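Q: Structure provided below as structure tokens; questions to follow.
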Amino acid sequence: MQAIVAPNRLEEAIDFALMHGLIKFNAGFQLVHAPFSLTPYSLSKDTLDQMVTLTPIFNELMLRIASNRDFLINYLEQTAHTDEFVKNLIAIYIEKEITQPYQFLIGRNDFMLAVNSSGLLQPKQVEYNTISVSFPYLSVQLNQLHQFLYEHQALGQKLVANDPLTGIVDAIALVIRQYDHPESCVLQIVQTREQNLFDQRGGEYLLWQKYRIPTIRMTLEDVANHAVCREGHLMVQGKIAAVTYLRAGYSPADYQTEDAWKGRRLIESSSSISVPSVAMQLAGMKKIQQVLTDSRVLQEFVKVENVQKIAETFVGMYQLDETLESKGQADLAKNIVRHFPDKYVLKPQREGGGNNFFDQEMVTLLQSLNKEEYPAYILMERIEAQEHQAILVVEGKTQETSCISEVGCYGVCLAKENDILLNQDVGYLVRTKAADQNEGGVCAGYACLNSLCVD
Ligand code: ADP
Ligand code: MG
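Numbering (the working numbering), first residue to last: 616 to 1070.
Structure follows, in structure tokens:
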């Protein structure tokens, strides 16, 4: 462990967190500090550089996939037969006329660091998120908190400065300039009861302070009932929504009424630059991630020199009815997994945490599925992430425990037709959780925000 903050500084850390907006609502909707680690996650500069270098490469990959209608429909069609959510998204995608030459991505590429046979750390991709990436604001505040604490106490290593929010806000401002219309705003799509409200507010306030760009918050239902499409523009409260920024809409829970779907359809059929578009949301599906583990498919989308760099971050991903070899015997993936439940994760096409199946629960579900339901899921090899000691602070209480960390790289990318106008890595997210926890969400209560330090 790199640093231990003296216990008498815990109170100071919590006060700093509360005062600087490192806050969220807990499950009971009380305002609390966001869970955080007192001990930054340490890795080598080379490993960090490797992940950061991959961000623009992955951004471009997602962009190319989102622009390839035949590819998306071909690989998601089967899933849509059994997954109502995917089916509804595809329906909107298919009926969409191309109304907008821009594709805008605010993404995050999530990795765990696995220890290879030579003892070296290797980044392995958990997933690339193309919708509603969380914590750009809270990550900045947490980084400030760590800087404050470690100015008082030697860390031994260098804390890696982090500010993904500015990169994201600058990108949104650039997109608004491209839209080039006075009286325009950002329409931010939100849930009605959002535990992570302040992370969203942080972005809204910076957009206003730095660029005088207003943000209007609406649910998808609000859009259906209060927004209109005029000469192609999406109009909200008398303003043009040049950018529609979805911080909701990634889960079936956000579409409980027909109006919510109507709202999404209205956004998609307007010329508002939606981040993400339905196409980009579909490109981020776990099924697509699985398909890309076949290098022949990957080669269709990325430059030859990048194929290997991307492929070496992948672990095995399989369809349930794919034939695999195990101990010299061939069998279906779903059967092989039964014998090694701790080596795999079963994933549906969902985002937001808490949706995956692990261990016995995975085995039980696999046994109960009928053939038609197979395409709704993919199997992923479990990443054996490096374990490290950390001190976690959750609602004022500390716990020192063996942990694993997930490092995400935020990226922004903007293209007009095939021309890429912006493509950058803009900062990182670290989520540290107890090693015996399977899932990883911060608001879901599994993980704590953290910073990186390097040699
Ligand atoms: P979601 O879209 O819900 O965020 P993820 O694919 O990111 O789904 O998985 C959620 C969490 O489950 C991750 O943050 C990670 O903690 C854990 N997880 C997912 N895939 C793996 C894997 N292959 N190996 C180990 N843990 C995993
Ligand atoms: Mg995730």
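Cβ atoms here follow ideal geometry from the backbone N, Cα and C, with glycine treated the same way.
Bear in mind the structure is a predicted one, so any value in this text is a computation, not a measurement.
Grab the span of the alpha helix (DSSP H) containing A898 for me, first residue to last.
A: Note, A898: alpha helix (DSSP H), 893-898.
Q: Pull up the DSSP beta-bridge partners for Y743, would you.
A: Y743 is bridged to N724.
Q: State the beta-bridge partners of N1065 as determined by DSSP.
A: The partner list for N1065 (beta bridge, DSSP) reads V1045.
Q: Checking the sheet assignment: what are the DSSP bridge partners for Y860?
A: For Y860, which the question treats as bridged, DSSP gives the partners Q803, V890.
Q: Using only alpha-carbon positions, find the residue among Q982, G878, D814, T1016 that is nearest to H954.
A: It is Q982.
Q: Looking only at its own chain, which residues have a Cβ that is under 8 Å from the Cβ of E927, when we skip the five neighbours before and after it?
A: Contacts found: Q737.
Q: Within the continuous beta strand (DSSP E) that includes I713, where are the two ends?
A: That residue, I713, is in no beta strand (DSSP E); it is neither H nor E in DSSP.
Q: Starting from S884, trace the alpha helix (DSSP H) both ways and give me its first and last residue.
A: S884 -> alpha helix (DSSP H) spans 873-884.
Q: Looking at V1041 and N1065, is the spacing between their C-beta atoms short of 9 Å?
A: Not in contact: N1065 and V1041 (Cβ atoms no closer than 9 Å).
Q: For the ligand MG, is there any heavy atom lying closer than 8 Å to the beta carbon of V583?
A: Here the chain has residues from 616 to 1070 only, and residue 583 is not among them.
Q: For D814, which residues from the same chain have a beta carbon less than 8 Å from its beta carbon, with the 5 sequence-adjacent residues on both sides left out?
A: Here the set comprises K639, S749, F750, P751, Y752, L753.
Q: Should M634 be labelled buried (16 or more other beta-carbon atoms within 10 Å of its own) or exposed?
A: That one is exposed.
Q: To the nearest angstrom, report how far apart R624 and L1029 are at their CA atoms.
A: Rounded to the nearest angstrom, the two C-alpha atoms are 43 Å apart.
Q: When you measure from the CB of D725 to every non-hydrogen atom of the ligand ADP, does any distance come out below 8 Å?
A: Yes, the ligand ADP has a heavy atom inside 8 Å of this Cβ.
Q: To the nearest angstrom, how far is the alpha carbon of N758 from that of R845?
A: Each residue's Cα considered, the two are about 43 Å apart.
Q: Out of D661, T745, R792, which one is the CA nearest neighbour of R862?
A: Among D661, T745, R792, the Cα nearest to that of R862 is on T745.
Q: Spatial neighbours of P829 within its chain, please: CB distance less than 6 Å, with the 5 preceding and 5 following residues excluded, ordered by chain position.
A: Once the five neighbours on either side are set aside, the close Cβ partners of P829 are C800.
Q: Residue range of the beta strand (DSSP E) that F1074 falls in?
A: The structure shown does not extend to residue 1074, since the chain is modelled only from 616 to 1070, so the question has no answer here.
Q: Using the rule of at least 16 other Cβ atoms within 10 Å of the residue's Cβ for burial, across every protein chain shown, is I855 buried or exposed?
A: Burial call: buried.
Q: Can you list, in chain order, the residues of its chain whose CB lies under 7 Å from that of K958, leaving out five sequence neighbours each side?
A: Cβ within range, chain order: E996, R997.
Q: From K702 to E873, what distance separates their C-alpha atoms?
A: When rounded, the distance between both Cα atoms is 14 Å.
Q: Out of A628, A868, V838, F972, point me to the one whose CA is closest to C802's CA.
A: As written in the sequence, residue 802 is Leu, which differs from the Cys given in the question. The residue with the shortest Cα to Cα distance from L802 is V838.
Q: Taking the continuous alpha helix (DSSP H) assigned at T908, which residues delimit it?
A: No alpha helix (DSSP H) contains T908, which DSSP labels as neither H nor E.
Q: Just verifying my parser: in three-state terms, what is the DSSP assignment at T830?
A: Of the three classes helix, strand and coil, the one that applies to T830 here is strand, per DSSP.
Q: Could you tell me whether the Cβ of Q718 comes closer than 9 Å to any Cβ of chain B?
A: No chain B appears in the structure shown, which is made up of a single protein chain.
Q: Let me know if H761 comes out buried or exposed under the rule of 16 or more other beta-carbons within 10 Å of its beta-carbon.
A: By the neighbour-count rule (16 or more Cβ atoms within 10 Å), H761 is buried.
Q: What are the boundary residues of the alpha helix (DSSP H) that includes G782?
A: That run of the alpha helix (DSSP H) goes 779-794.
Q: Alpha carbon to alpha carbon, how far is Q934 from L907?
A: Spanning the two alpha carbons is a distance of roughly 12 Å.
Q: Compute the beta-carbon to beta-carbon distance between L1007 and S652, rounded to the nearest angstrom, for a pair I have assumed lies under 8 Å.
A: So it is a contact: roughly 5 Å between Cβ atoms.
Q: Is it right to say F700 is buried, meaning 16 or more other beta carbons lie within 10 angstroms of its own, or is it exposed?
A: So F700 counts as buried.
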